[in-house]
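Numbering (our numbering), first residue to last: 123 to 261. Idealized CB from N, CA, C, for every residue including glycine. Because the structure is a prediction, the values reported are computed rather than measured.
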């Protein structure tokens with residue numbers, strides 16, 4: 123089964139020092155690994171200067187391998203509907219919809235493609251799984 127790390131996994135690997143790529147490969151073994159364009163945006167937005175080249179290399183490598191997952195128009199529409207349903211169920215103020223948008227885009231696009239999300243953020247993905255058939259696990 124193909125897998126995709128959310129940004130929490132990449133951040134953990136980058137903070138651990140050493141070779142982040144080796145640590146990540148150890149977690150996926152022989153499963154094909156994908157990179158979400160949403161995760162890429164989050165990594166660029168939060169990167170420190172010393173990690174910029176690592177993120178650029180990730181982007182190049184996944185793009186060359188044809189494993190860069192970009193949310194489609196239907197994913198965006200689905201996310202709007204999901205966030206509306208979550209807001210109705212849990213209250214718009216309680217869920218911080220803008221905070222959930224990126225994870226919802228990851229959930230919608232991976233559910234569409236059958237890719238499993240690996241995350242260190244179980245709270246958001248557990249909630250999203252109520253409204254979307256996203257497969258995820260915590261590491």
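Asked: Where residue 230 falls, given that 16 or more other Cβ within 10 Å makes a residue buried; Found: buried
Asked: Between the CA atoms of residue 237 and residue 124 - distance to the nearest angstrom; Found: 5 Å
Asked: First through last residue of the alpha helix (DSSP H) which encompasses residue 208; Found: 195–212
Asked: Residue 239 (DSSP reduced to helix, strand or coil); Found: strand
Asked: Option in 162, 175 and 187 with minimal Cα separation from residue 154; Found: 187
Asked: Proximity to residue 165 [Cα-Cα], best of 192, 129 and 190; Found: 129
Asked: Check whether residue 180 and residue 132 have beta carbons under 9 Å apart; Found: yes
Asked: Backbone CA spacing between residue 162 and residue 211 [nearest angstrom]; Found: 30 Å
Asked: Close beta carbons around residue 160, own chain, < 6 Å, minus the five adjacent residues each side; Found: 224, 227 and 228
Asked: Per-residue burial, residue 185 [other beta carbons within 10 Å of its own, 16 or more giving buried]; Found: exposed
Asked: As assigned by DSSP and simplified to three states, the class of residue 253; Found: coil
Asked: Minimum C-alpha distance to residue 244 - residue among 189, 235 and 259; Found: 259
Asked: Option in 257, 171 and 261 with minimal Cα separation from residue 234; Found: 257
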